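Undergrad:
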Amino acid sequence: MNTKAQVTVEFMIVLTVLLAVLLFSLLVFGEKQSGFILSREQFLAKLEADKIARAANTVFLAGNGAKTTILIEKSFVYSVEFLGNSVSVKWKDNYSSAPLLTSNATAPAIVSGSTITAKNSNGRLVIENA
Numbered sequence: 001m002n003t004k005a006q007v008t009v010e011f012m013i014v015l016t017v018l019l020a021v022l023l024f025s026l027l028v029f030g031e032k033q034s035g036f037i038l039s040r041e042q043f044l045a046k047l048e049a050d051k052i053a054r055a056a057n058t059v060f061l062a063g064n065g066a067k068t069t070i071l072i073e074k075s076f077v078y079s080v081e082f083l084g085n086s087v088s089v090k091w092k093d094n095y096s097s098a099p100l101l102t103s104n105a106t107a108p109a110i111v112s113g114s115t116i117t118a119k120n121s122n123g124r125l126v127i128e129n130a
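The numbering used here applies: residue 1 is where the sequence shown begins, and numbers increase by one.
1) Please state if the CB of T69 and the CB of V59 are separated by a distance shorter than 7 Å.
2) In the DSSP assignment, find the unbroken beta strand (DSSP E) run with Y95 in it and report its ends.
3) Here's the rule: buried if 16 or more other CB atoms are within 10 angstroms of the residue's CB, otherwise exposed. What is S25?
4) Using a Cβ cut-off of 7 Å (strictly closer), state whether S112 contacts chain D.
5) Between the C-alpha atoms of I110 and I13, what's the straight-line distance to the nearest angstrom?
6) Leaving out five residues on either side along the sequence, give the residues of the same chain with a beta carbon under 8 Å from the beta carbon of S103.
7) Are the CB atoms of N57 and N122 within a distance shorter than 7 Å?
8) Any idea which residues DSSP pairs V80 with across the strands?
9) To the nearest angstrom, report how far apart K74 and E48 are at their CA atoms.
10) In terms of residue numbering, what span does the beta strand (DSSP E) encompassing A129 cover?
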């Protein structure tokens, strides 16, 4: 009878140690997962900033009357701002930006999931919600 009790106690000790290791690994990998999500958002924000800047620069270089439509993806919540010679994508408390060829640009507030139109009006880059 004592040997059965000893096996049960040893089994419970081993099970407790395994559960502790599992809990510890979940905590460690949970932190890495949140870091991965942040780096994913940073990557997507940089892609959006580059896409918008590339389209705006193309319209600017094409000359007066050039126009294009840009779809702003809604992969996460962010806003787009035209600041000086750059396009900035702001999400949470972070920014990601891409360079523009001109600082002569006007744009309204732009949010994710919208469509915008970029046009060149006598050398001035005009961004409008479509």
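Heads up, the beta-carbon is just placed ideally off N, CA and C, and yes, glycines get one too.
All figures in this text were calculated on a predicted structure; none of them were measured in a lab.
TA: Short version:
1) By one-based count along the sequence shown, residue 59 stands at place 59. By one-based count along the sequence shown, residue 69 stands at place 69. It is not a contact, given that the beta carbons lie outside the stated cut-off.
2) The sequence position of residue 95 within the sequence shown is 95, counting from 1. First-last of the beta strand (DSSP E) with Y95: N94 to P99.
3) Within the sequence shown, numbered from 1, the residue matching residue 25 stands at position 25. Exposed, because fewer than 16 other Cβ atoms sit within 10 Å of the Cβ of S25.
4) Here chain D cannot be found, since the structure has a single protein chain.
5) For the purposes of this step, residue 110 is identified with residue 110 of the sequence shown, where counting begins at 1. For the purposes of this step, residue 13 is identified with residue 13 of the sequence shown, where counting begins at 1. Each residue's Cα considered, the two are about 58 Å apart.
6) For this step, residue 103 is matched to residue 103 along the sequence shown. G84 and N85, listed in sequence order.
7) Mapped onto the sequence shown, residue 122 falls at position 122. Mapped onto the sequence shown, residue 57 falls at position 57. No, the pair does not count as a contact, with Cβ atoms beyond the cut-off.
8) Here residue 80 refers to the residue found at position 80 of the sequence shown. V80 pairs with V89 and I110.
9) If you number the sequence shown from 1, residue 74 lands on position 74. If you number the sequence shown from 1, residue 48 lands on position 48. Whole-angstrom Cα-Cα distance: 10 Å.
10) Mapped onto the sequence shown, residue 129 falls at position 129. Note that residue 129 is Asn in the sequence shown here, rather than Ala. Taken as a continuous stretch (DSSP letters only), the beta strand (DSSP E) holding N129 covers R124 to N129.
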